[in-house]
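Shown next, in structure tokens, is the structure this report addresses.
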């Protein structure tokens, strides 16, 4: 389980410029488990959507929009939850120290990408720009994971690094996958570049591993998080 490492605040008696803050008296609001569940649920929903669309392609059907529209409702709701909880975390800082930045910054970004996806599908816009946003968020997520792991913000740096890297590479691959989704209705079976298929397979694998890992961490955190409530 990735628990935050508490860092002591500066000595306010020796440094009057610092505001006195007693961390021991602050309530520890622990919503990490459900937030990780929401990330995992979004990942599995995307996997189901991509698999359904690939099935449509193999059957030479063209009703891609039906699957996208059906997926955008739950994904949009999960994205809204991530965005709201991420903003709440950034405004209130419920976790110890820098762990708020490490966790809530990517959470907000994931929420924005999911909301953008839902709106793009609803408005029948190209997914290319949502995919490009996902690419940039993926690069940011990798940077956060690498830095958080290197400075030892958690008790499980390897798990942190792996989780952030898996979602980061998934975000990077979402850009070419979004291009495929835009062009899918005009594609015919047997005339697709093999590189597209390889990219889609890698996206599916990275997203599956990331969703499984975040779900596993969330499940393993339930007991400890329930016990340590204020």
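Numbering (our numbering), first residue to last: 41 to 270.
We treat Cβ as the ideally placed atom computed from N, Cα and C, and that holds for glycine.
On a predicted model such as this, the values are computed, not experimentally measured, just so you know.
Bounds of any alpha helix (DSSP H) do not take in residue 167, whose DSSP letter is neither H nor E. Residue 146: member of the alpha helix (DSSP H) spanning 139-162, first to last residue. For the pair residue 116 and residue 110, the Cα-to-Cα distance works out to about 11 Å.
Contact annotation: the region 79-91 touches the region 247-258, with at least three C-beta pairs closer than 8 Å.
In the three-state reduction of the DSSP assignment, residue 99 falls in the coil class, being assigned neither a helical nor a strand state. Non-local beta-carbon contacts of residue 186 in its own chain, meaning distances under 6 Å to residues more than five positions away in sequence, are absent. Per DSSP, reduced to three states, the secondary structure at residue 236 is helical.
When only Cα atoms are considered, residue 155 and residue 120 end up about 7 Å apart.
At the C-beta level, residue 182 and residue 205 come within 7 Å of one another. Per DSSP, reduced to three states, the secondary structure at residue 216 is helical. A distance below 7 Å separates the beta carbons of residue 258 and residue 77.
Beyond the five residues adjoining it in sequence on each side, residue 142 comes within less than 7 Å, by CB distance, of 184, 188, 193 in the same chain, given in chain order. Straight-line measurement puts the Cα of residue 147 at about 6 Å from the Cα of residue 126. Under the rule that a run must span 4 or more residues, the alpha helix (DSSP H) segments found entirely inside the region 70-128 read 72-98.
In the structure shown, the three-state DSSP call for residue 133 is coil.
Contact between the region 169-177 and the region 128-140 is not established, with fewer than three Cβ pairs separated by less than 8 Å.
Counting every other CB atom within 10 Å of its CB across the protein chains shown gives residue 266 a total below 16, marking it as exposed.
Burial state of residue 198 is exposed, judged by a 10 Å Cβ sphere holding fewer than 16 other Cβ atoms. Apart from sequence neighbours up to five positions away, the residues of its chain that approach residue 179 with a beta-carbon distance below 8 Å are 208, 211, 212, ordered along the chain.
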